[in-house]
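Here's the structure we're looking at; comments come further down.
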Amino acid sequence: MDLSWMAWTQPTAIFFAVIASLLIVMSVWEYFSPGGAPRVGILRFETTRGDRLFVSLLGSAFISMAWLALVGLNLWWGLAACVVFAVLVFLFV
Amino acid sequence: MSIQKVQNNKAWFMVLPVLILVAISAIIPLMTVVNYSVQDTFGGNEFFWVGTEWFQEVLASERFHNALLRTLVFSGLILAIEIPLGILIALAMPKRGWGVSVCLVLMALPLLIPWNVVGTIWQVFGRVDIGLLGHGLASLGIDYNYTQNNLDAWLTLILMDVWHWTSLVVLLCYSGLVSIPEVYYQAARIDGASRWAVFRFIQLPKIKRVLLIAVLLRFMDSFMIYTEPFVVTGGGPGNITSFLSIDLVQMAVGQFDLGPAAAMSLIYFLIILLICWVFYTVMTSYDNDEQSSGGGAQ
Chain A
0 MDLSWMAWTQ PTAIFFAVIA SLLIVMSVWE YFSPGGAPRV GILRFETTRG
50 DRLFVSLLGS AFISMAWLAL VGLNLWWGLA ACVVFAVLVF LFV
Chain B
0 MSIQKVQNNK AWFMVLPVLI LVAISAIIPL MTVVNYSVQD TFGGNEFFWV
50 GTEWFQEVLA SERFHNALLR TLVFSGLILA IEIPLGILIA LAMPKRGWGV
100 SVCLVLMALP LLIPWNVVGT IWQVFGRVDI GLLGHGLASL GIDYNYTQNN
150 LDAWLTLILM DVWHWTSLVV LLCYSGLVSI PEVYYQAARI DGASRWAVFR
200 FIQLPKIKRV LLIAVLLRFM DSFMIYTEPF VVTGGGPGNI TSFLSIDLVQ
250 MAVGQFDLGP AAAMSLIYFL IILLICWVFY TVMTSYDNDE QSSGGGAQ
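For the record, the sequence lines run as chains A and B. First residue of the first sequence: 0, per numbering that gives the first Met the number 0; consecutive thereafter. First residue of the second sequence: 0, per numbering that gives the first Met the number 0; consecutive thereafter.
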């Protein structure tokens, strides 16, 4: 099957592989610990661990955009900020 | 005696056809857009890596900021007009008798008209030479021309959207209003509640959920609006009605700048995703609050 029209690159393939891996890890986690561990965090509404992953990913996208718009190059530091944000979301949201 | 929860995961296979459809119609195109957003192309299926350049260019672009601002202002105005107007019409509609069917059919009519037809109707309607609105205003001595005047172009688009979509808000609010049990009104009459008090403390809380759905639908739809303004004004005069969607199509199809267009569409998508999530969270919070307070779903 010719997928050249999709214009794949190695970095974007890694990006989607990471997203897919996260979903698989979440599925395995859910299998061994069903229910999604719902709780009410600092945002004052109930979240499951799936919600927390979604908030982490969406927030990371906006952090990356803000990094590009305000700081510029060297997105690795932006990525580090995203990881810190995701950890905080999983701990407190 | 303990009750063991039986988990049957066979139901997931029922979801498989939908997953395949979504993969083909949404996920694969989205992946392609992500791939395009980090590359440049001159056609011929040849691509060159540019990294985050397009994102930086779009985020710093005045054109993008202006289009985003225009879209947000348009959506804000649409909500500010359609939501109160929809509630007022729903409150004024009859609750029983032959008038109900007549009103419901009349309200549903604008919703049945395809978007490009609505655009064409209003394009002709507003023309000064042959349109009823344009010609009528001109004969009254009002200088109206949506093809040349910025304010007229905005007014025409807002009027068109209000005409087309207020019905949706009306129908949603009406469905919420007719589901309120009569005993609430009887209790209000016994207490001598005013018309405003009935609305504020009975009707508004009871239609809160459908109203939120109406706000979500109208916001999303007006934020993504393309066909109607494209047919009526084409983004003009100048760029004054060039909303994000129109600007995006112009960049992708008109200029064939696939890289910047892909970056812009991803930013556009993320904004929509964020707003959807906020609305969804607020709606589910209301549900949880109602359940925890013992009110149950309406």
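Backbone N, C-alpha and C define an ideal beta-carbon position, used for all residues, glycine too. Since the structure is predicted, the reported quantities are computational estimates derived from the model, not experimental observations.
What residue does the beta strand (DSSP E) around residue i start on, and which one ends it?
i: TRP48/B; result: 46-48
i: ASP1/A; result: From DSSP, ASP1/A is part of no beta strand (DSSP E); its letter is neither H nor E.
i: THR40/B; result: 38-40
Within the continuous alpha helix (DSSP H) that includes residue i, where are the two ends?
i: GLN202/B; result: From DSSP, GLN202/B is part of no alpha helix (DSSP H); its letter is neither H nor E.
i: THR155/B; result: 149-177
i: ALA12/A; result: 9-31
i: GLY96/B; result: Careful: GLY96/B lies outside any alpha helix (DSSP H) and carries neither H nor E.
i: GLY133/B; result: 131-138
i: ILE82/B; result: 61-91
i: PHE84/A; result: 74-91
i: VAL70/A; result: Counting along the chain, VAL70/A falls outside any alpha helix (DSSP H), and DSSP gives it neither H nor E.
i: ILE189/B; result: 181-189
i: ALA25/B; result: Taken as a continuous stretch (DSSP letters only), ALA25/B belongs to no alpha helix (DSSP H), as it is neither H nor E.
i: ALA10/B; result: 10-21
i: ASN7/B; result: That residue, ASN7/B, is in no alpha helix (DSSP H); it is neither H nor E in DSSP.
i: GLY118/B; result: 114-124
i: PRO236/B; result: Unbroken run through PRO236/B: none, as it is neither H nor E.
Report back the beta-carbon spacing between residue i and residue j to the nearest angstrom; my notes put them in contact at under 8 Å.
i: ALA68/A; j: LEU58/B; result: 4 Å
i: SER241/B; j: ALA66/B; result: 6 Å
i: PHE15/A; j: MET30/B; result: 6 Å
i: ARG217/B; j: TRP164/B; result: 6 Å
i: ILE201/B; j: ILE179/B; result: 7 Å
i: SER174/B; j: VAL209/B; result: 6 Å
i: ARG51/A; j: PHE84/A; result: Contact flag wrong, Cβ pair sits at about 11 Å.
i: PRO37/A; j: THR47/A; result: 5 Å
i: PHE278/B; j: LEU215/B; result: 4 Å
i: ILE86/B; j: ILE157/B; result: Incorrect: roughly 18 Å between the Cβ atoms, too far for contact.
i: VAL32/B; j: LEU265/B; result: 6 Å
i: VAL127/B; j: GLY133/B; result: 4 Å
i: ALA137/B; j: TYR143/B; result: 7 Å
i: SER36/B; j: GLY258/B; result: 6 Å
Starting from the beta carbon of residue i, find every residue of chain B whose beta carbon is closer than 7 Å, and list them in chain order.
i: MET25/A; result: Correct list: empty, because the minimum Cβ distance to chain B is about 15 Å.
Applying a beta-carbon distance threshold of less than 9 Å, which residues of chain A neighbour residue i?
i: MET30/B; result: MET5, TRP7, THR11, PHE15
i: LEU90/B; result: Near LEU90/B there are no residues of chain A at all, since even the closest Cβ is about 31 Å away, more than 9 Å.
Using the beta-carbon of each residue, which ones in chain B are nearer than 9 Å to residue i?
i: ALA68/A; result: PHE54, GLN55, LEU58, ALA59
Answer with yes or no whether the minimum CB distance from residue i to chain B is below 8 Å.
i: ARG51/A; result: no
i: ALA60/A; result: yes
i: GLU45/A; result: yes
i: LEU21/A; result: no
i: LEU96/A; result: It is not possible to answer for residue 96/A, since the shown part of chain A is limited to 0 through 92.
Under 7 Å between beta-carbons, which chain A residues line up against residue i? List them in chain order, please.
i: PHE46/B; result: ALA6
i: VAL49/B; result: In chain order: nothing, as chain A lies at least about 10 Å away.
i: ASN287/B; result: GLU45
If the cut is a Cβ gap below 8 Å, which residues of chain A does residue i touch?
i: TRP11/B; result: The premise fails here: TRP11/B is roughly 11 Å from chain A at the closest Cβ pair, so nothing lies under 8 Å.
i: VAL37/B; result: THR8, PRO10, THR11
i: VAL33/B; result: THR11, PHE14, PHE15
i: LEU272/B; result: LEU57
So that I know if they touch, is there some Cβ in chain A lying closer than 8 Å to that of residue i?
i: ILE266/B; result: yes
i: THR280/B; result: yes
i: ASN238/B; result: no
i: SER241/B; result: no
i: SER284/B; result: yes
i: LEU171/B; result: no
i: TRP276/B; result: yes
i: ASN65/B; result: no
i: LEU71/B; result: no
i: LEU18/B; result: no
i: LEU139/B; result: no
i: LEU269/B; result: yes
i: GLY294/B; result: Low local confidence applies: a pLDDT of 49 at GLY294/B is under 50, so the model's placement there is unreliable, with the coordinate-based value given in what follows. Answer no: the Cβ-Cβ gap between GLY294/B and chain A never drops below 8 Å.
Exercise. Fully enclosed by the region 243-275 of chain B, which beta strand (DSSP E) runs are 3 residues long or longer?
Worked result: Whole beta strand (DSSP E) segments, 3+ residues: zero.
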